[in-house]
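For reference, the structure discussed in these notes is given below.
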Amino acid sequence: MNAGLVAIEASGLGMRYRRGWALQECSFRLPAGRVCGLVGPNGAGKSTLLSLAAGFGEASAGRLRVFGADPRTRQAREQVGYLAQNKPLYPRMTVTDTLRMGRELNRANWDQRRAEGIVRAGDVPLHARAGSLSGGQRTRLALALCFGKRPRMLMLDEPMADLDPLVRHEMTALLMAEAAEYGTTVLTSTHTLPELEGVCDYLLVLADGRVRMAGEADELAAAHSLVVGALPAADSGQQRKDGAATGPVLPSALDPHTVVEAQVTGRQFSALVRRGAPLPEGPAWSVSEPSMEQLLLSYLRSPEAPALLMPSADLPEMPAAQLKDHAA
Amino acid sequence: MDVIKYHIERRSGVSTYMQIVQQTKQALRVGTLVPGDRLPTAKEVVEATAINPHTVLKAYRELENEGLVELQPGRGTFVRRGLGNPGASDSPLRGELAEWMRRAAESGLEAEDVTALFDACRTEIFSPDRA
Amino acid sequence: MSAATLERETAPAQRKTGRELLHGMPWLVWRQHRGAVWAGLALLVALAAAAVYLRHGTTTFVQQHDIAGCTLFSGPERCAENQEAIQLYRTQYQDLVQILLVVVLALPYLAGLFVGAPLVARELEAGTHRVAWSQSVPPQRWLLHKLLLPLAGLVLLCGLAAWLASWVLAGAGQATLGIYWYSALAFAPTGPALVGYAALGIALGGAAGLLIRRTVPAMVATLLALGGVTLLLQFLRPQLASPITHVSKAVPQLAEDSWVLSAAQRSTAGGETFPANLCADARGDALRNCLAEHGATYYHTEYHPLSQMRQIQFTEGALCLGLAALLVALTWWWLRRRAL
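Chains as they are written, first to last, in the working numbering: chain A, 1 to 328; chain B, 329 to 459; chain C, 460 to 799.
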């Protein structure tokens, strides 16, 4: 439905606040039509990236485009729905007034029936003030405000953070149903991983203001292997994998692959590697595909490992090799 | 009216789309899904399970590739054929397996040993490398 | 039938009949500040009532006691007999008119404090600006509407209030009542300067709100800044129009409502003035000789007559408006290049 379209394209994007760089040399693409998880620890730059893409300010460096337009232009604003962190709403406005605000401030593309439908489906009292609603109702109203705008892309900053599991499930279902019906691109940030399981088909991982990983969720996992086995004897001619004196001595069979993270416990090692070639089971180790959680944790724990961008997330004019240099 | 309701277990380690495929096949085996039934739309599944709509479509494509369902554009996804029911109590395979398990029990194997042995053999026979 | 279905049926009908005069950002600004608008209108009605009462009371009193144009210790012949009436007039009405002037004078400060400073600061503090910015309206447009619409409303309110105060003072007679246009209390509230101060109050409040991003500190900053500008302009005020220089052989008889900048001072014909203590010790002929020695045979006076009042008030108001415009432009520019 959106084949070939790019929702977000960042090249060399940087944002500096007084405290320092919140984003640095970020280059990636988000293809349209994806449900993308924006993952990273607190302070990784997720909110900064989202608010820049929502047109809330000017980047300090680089370039950011939303559907090909500068995010601060009206053209881009009309195409993007943005739910900021903590889901702000005017607390003294009634639900009806909040939706009227959506209509008044999005006059080109407001869909009152869609917005009202979302609110009504949750039995949100229309004449209650937004400030008096429950967490789930507030989220529903905020989502109604976003979807009423008929956005091509919806960006959500930690939308489920303050919700109980039941409401979280309900809101995720609402989000996914809208995305399914309208083909909306979704970019949702979180620092709690389980929130994303089964939801995202695309991932963008940030750490320390840089892109660590971007691409199709299943392909990212499939490109890696988790190798668990016995360490080779220290004197049997094996080389140290990472050159460090204290580094674990891994089997030479792992040499063609990029070791993202390796842990040694007694005589056993476990390594998460990005395969450079087929990696069969060995006599002394077993190979399995890592779970998304294992993969993410490994990348976040190993800042020195090179960033990984799948071809769909990579900028054609900026080869991955160059990006790796930047990230290293 | 829904003919099948998917239950997604997020922490099971089995990928979401594979869970949909497996649950559909299970329904085909036990006969709760019969040829001609319309599978729920991606939106309906997503509303109930809060999963990614692309996952549902991917699972349906997989089922279509196996010839089990048929995507009719604009109408929906329909079941083309059911699956045989090897679990019926009069099946000769079941009888042989039951006989084997009785012997395993007599030779002192615990239930867990049997499962491990069963899994190992299954991996050996059905692993993709062999196929 | 449930309440929800009932609502579903009546809602579109309401939408059709309900008058929707305002759209877009003006609607949002109205929706957020309609309480303040009603309060402002109520205040205006109260001021108008007070003004009508005072104007009627003072003009009636002046007519009944025939003290029009009179003042204490001077004025036409008939005034000399009515000194007691003037005293009574002043005790009865001076305080009341002063209270009116204080209230009107306070308007720009209250506007800056309670309208200007919270305009942006409260939104930034609560994060609600993100609601508006997530819609299709760019932040700069949002800011201009947020600032300029309340500013226009307050300019209108203060313009009307100043006109009322000026109307009261003109009816009461400055000299008779003993409240003069050039006093710190009467200058701003009775003329167009008030409009400038109102605009400046909102602009300062908006800028402080955007920079400080917290309501109470922004209010304090607004009050301090507006107070500072007031003091500065009060200091500059005499220079806002060129005063009339009067050189004469006799002590000049100036109108009671003239703003005398430098009282009659000895000077030469050329206008060169001497210190006040020139020939202070001399008496009689000695004094005359002493003065003649210095060539100080004239009196030199500088003053603003009543006819210059509007010019000075307009100039001060224009200065404030210019400052306000500059601040709004700076605020706009600052928002353009900041991420919030």
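Heads up, the beta-carbon is just placed ideally off N, CA and C, and yes, glycines get one too.
If we define contact as Cβ-Cβ less than 8 angstroms, is glycine 198 (chain A) a contact residue for chain B? Taking the first sequence and counting its residues from 1, one reaches residue 198 (chain A) at position 198. So yes, glycine 198 (chain A) belongs to the interface.
Verify the CB distance criterion: does histidine 382 (chain B) have a CB-CB separation below 8 angstroms to chain A? Counting from one through the second sequence, the residue named residue 382 (chain B) turns up at place 54. With 8 angstroms as the cut-off, histidine 382 (chain B) counts as an interface residue toward chain A.
What first and last residue would you give for the beta strand (DSSP E) that runs through tyrosine 202 (chain A)? Within the first sequence, numbered from 1, the residue matching residue 202 (chain A) stands at position 202. That run of the beta strand (DSSP E) goes 202-207.
If we count the other Cβ atoms within 10 Å of its Cβ and call it buried at 16 or more, is proline 280 (chain A) buried or exposed? Looking up residue 280 (chain A) in the first sequence gives position 280. Per the 10 Å Cβ criterion, exposed.
Among the candidates C:His705, C:Leu690, C:Leu786 and C:Ala645, whose CA atom is the shortest distance from the CA of valine 563 (chain C)? Working through the third sequence from its first residue, we reach residue 563 (chain C) at position 104. With distances taken between Cα atoms, valine 563 (chain C) lies closest to C:Ala645.
Show which residues of chain A have a CB atom less than 9 angstroms away from the CB atom of glycine 341 (chain B). Along the second sequence, read from residue 1 onward, the residue named residue 341 (chain B) stands at position 13. Those are Ser291, listed as they occur along chain A.
Give me, in chain order, the residues of the same chain whose beta-carbon lies closer than 6 angstroms to that of tyrosine 82 (chain A); leave out the 5 immediate sequence neighbours on both sides. As a position in the first sequence, residue 82 (chain A) is number 82, starting the count at 1. Taken in chain order, the residues that qualify are Ala54 and Met155.
Per-residue contacts from valine 80 (chain A) into chain B (C-beta, under 7 angstroms): For the purposes of this step, residue 80 (chain A) is taken as residue 80 along the first sequence, with counting starting at 1. By Cβ distance, chain B contributes nothing, its closest Cβ being about 20 angstroms from valine 80 (chain A), past 7 angstroms.
Return the residue from the list C:Gln491, C:Ile638 and C:Gln523 that minimises the CA-CA distance to leucine 578 (chain C). Against the third sequence, residue 578 (chain C) aligns to sequence position 119. Nearest option by C-alpha distance: C:Gln491.
Check aspartate 365 (chain B) in the structure and name its three-state DSSP category. Counting from one through the second sequence, the residue named residue 365 (chain B) turns up at place 37. Coil at aspartate 365 (chain B), not helix or strand.
Three or more beta-carbon pairs under 8 angstroms between the segment 763-775 of chain C and the segment 637-653 of chain C, yes or no? yes
Kindly indicate which three-state DSSP category tryptophan 640 (chain C) falls into: helix, strand or coil? By one-based count along the third sequence, residue 640 (chain C) stands at place 181. Residue state, collapsed to three classes: coil.
For glycine 209 (chain A) and glycine 45 (chain A), believed in contact at Cβ under 8 angstroms, the rounded distance: On the first sequence, position 45 is the one that residue 45 (chain A) refers to. On the first sequence, position 209 is the one that residue 209 (chain A) refers to. That pair is a contact at about 4 angstroms.
Tell me whether the segment 778-788 of chain C and the segment 655-667 of chain C touch, counting them as touching only if at least three CB pairs, one residue from each stretch, are closer than 8 angstroms. yes
Sub-8 angstroms separation of glycine 612 (chain C) and arginine 549 (chain C) beta-carbons: In the third sequence, the residue the question calls residue 612 (chain C) occupies position 153. In the third sequence, the residue the question calls residue 549 (chain C) occupies position 90. It is not a contact, given that the beta carbons lie outside the stated cut-off.
With histidine 205 (chain A) and leucine 296 (chain A) assumed to form a contact (beta carbons below 8 angstroms), what rounded beta-carbon distance in angstroms separates them? Stepping through the first sequence from its first residue, residue 205 (chain A) is reached at position 205. Stepping through the first sequence from its first residue, residue 296 (chain A) is reached at position 296. The sequence given here places valine at residue 205 (chain A); histidine does not occur at that position. With a Cβ gap of about 6 angstroms, valine 205 (chain A) and leucine 296 (chain A) count as contacting.
Would you be able to state if there are at least three C-beta pairs under 8 angstroms between the segment 66-83 of chain A and the segment 589-601 of chain C? yes
Count the CB pairs spanning the segment 337-356 of chain B and the segment 135-144 of chain A that are closer than 8 angstroms, and state whether there are at least three. no
Can you pull the chain C residues whose beta carbon is under 8 angstroms from the beta carbon of aspartate 97 (chain A), in chain order? Locating residue 97 (chain A) in the first sequence gives position 97, where the first residue counts as 1. Under the 8 angstroms cutoff, chain C gives Arg490.
On the three-state DSSP scale, how would you describe proline 485 (chain C)? Counted from its first residue, the third sequence places residue 485 (chain C) at position 26. Note: proline 485 (chain C) maps to helix in three-state DSSP.
is_contact[alanine 54 (chain A), chain C] using C-beta, thresh 8 angstroms: Locating residue 54 (chain A) in the first sequence gives position 54, where the first residue counts as 1. Chain C, which has a Cβ nearer than 8 angstroms to the Cβ of alanine 54 (chain A), makes this yes.
Closer than 6 angstroms by C-beta to tyrosine 182 (chain A): which residues in its own chain qualify, once you throw out the five before and the five after it? Chain order, please. Taking the first residue of the first sequence as position 1, residue 182 (chain A) is located at position 182. For tyrosine 182 (chain A), where only same-chain residues beyond five positions count, there are no Cβ hits under 6 angstroms.
Under the assumption that leucine 431 (chain C) contacts leucine 555 (chain C) (Cβ atoms under 8 angstroms), give the Cβ distance between them as a whole number of angstroms. Not covered by the structure: residue 431 (chain C). The range shown for chain C is 460 to 799.
Could you give the distance in angstroms between the alpha-carbon of alanine 10 (chain A) and the alpha-carbon of glutamine 693 (chain C)? As a first step, residue 10 (chain A) is located in the first sequence; it is residue number 10 there, counting from the start. As a first step, residue 693 (chain C) is located in the third sequence; it is residue number 234 there, counting from the start. Computed Cα separation, rounded: 54 angstroms.
According to DSSP, simplified to helix, strand and coil, what is arginine 210 (chain A)? Translated into the one-based positions of the first sequence, residue 210 (chain A) becomes position 210. The answer is strand: DSSP assigns arginine 210 (chain A) an E or B state.
For tyrosine 182 (chain A), return the contacting residues in chain C, with the cut-off set at a CB-CB distance below 8 angstroms. Position 182 of the first sequence holds residue 182 (chain A). Correct list: empty, because the minimum Cβ distance to chain C is about 18 angstroms.
Flag arginine 338 (chain B) as yes if its beta-carbon sits less than 8 angstroms from any beta-carbon of chain A, otherwise no. Reading the second sequence from its first residue, position 10 is the one you call residue 338 (chain B). Yes - at least one Cβ of chain A is within 8 angstroms of the one on arginine 338 (chain B).
Where the beta strand (DSSP E) containing phenylalanine 454 (chain B) begins and where it ends: Within the second sequence, the letter at position 126 stands for residue 454 (chain B). Run containing phenylalanine 454 (chain B): none in the beta strand (DSSP E); it sits in the alpha helix (DSSP H), 439-454.
I'd like to know if aspartate 314 (chain A) contacts chain B, where contact means its C-beta is closer than 8 angstroms to some C-beta of that chain. On the first sequence, position 314 is the one that residue 314 (chain A) refers to. So no, aspartate 314 (chain A) is outside the interface.
My guess is that tyrosine 762 (chain C) and valine 719 (chain C) are in contact by the Cβ rule of under 8 angstroms, so how many angstroms apart are they, rounded? Taking the first residue of the third sequence as 1, we reach residue 762 (chain C) at position 303. Taking the first residue of the third sequence as 1, we reach residue 719 (chain C) at position 260. Tyrosine 762 (chain C) to valine 719 (chain C), Cβ: 4 angstroms. Contact.
Can you name, in chain order, every residue of its own chain whose Cβ lies under 6 angstroms from the Cβ of alanine 7 (chain A), other than the five neighbours on each side? Residue numbering aside, residue 7 (chain A) sits at position 7 when the first sequence is read from its first letter. For alanine 7 (chain A), where only same-chain residues beyond five positions count, the Cβ hits under 6 angstroms are Leu30, Ala32, Met153 and Thr185.
From the DSSP secondary-structure annotation, give me the bridge partner or partners of threonine 756 (chain C). Numbered from 1 along the third sequence, position 297 holds the residue referred to as residue 756 (chain C). None; threonine 756 (chain C) has no bridge partner.
So that I know if they touch, is there some Cβ in chain C lying closer than 8 angstroms to that of asparagine 42 (chain A)? Stepping through the first sequence from its first residue, residue 42 (chain A) is reached at position 42. With 8 angstroms as the cut-off, asparagine 42 (chain A) does not count as an interface residue toward chain C.
For glutamate 267 (chain A), collect the residues of the same chain with a Cβ closer than 6 angstroms to its Cβ; drop the 5 residues on either side in sequence, then sort them by chain order. By 1-based counting over the first sequence, the position of residue 267 (chain A) is 267. The identity of residue 267 (chain A) in the sequence shown is arginine, whereas the question assumes glutamate. Only Ala230 and Leu231 meet the Cβ criterion.
Leucine 308 (chain A) versus leucine 175 (chain A) - alpha carbon distance: Here residue 308 (chain A) is taken as the residue at index 308 of the first sequence, counted from 1. Here residue 175 (chain A) is taken as the residue at index 175 of the first sequence, counted from 1. When rounded, the distance between both Cα atoms is 28 angstroms.
C-beta atoms of glutamine 137 (chain A) and glycine 122 (chain A) nearer than 8 angstroms: Sequence index remark: in the first sequence, residue 137 (chain A) carries index 137 (1-based). Sequence index remark: in the first sequence, residue 122 (chain A) carries index 122 (1-based). A contact, by the Cβ cut-off of 8 angstroms.
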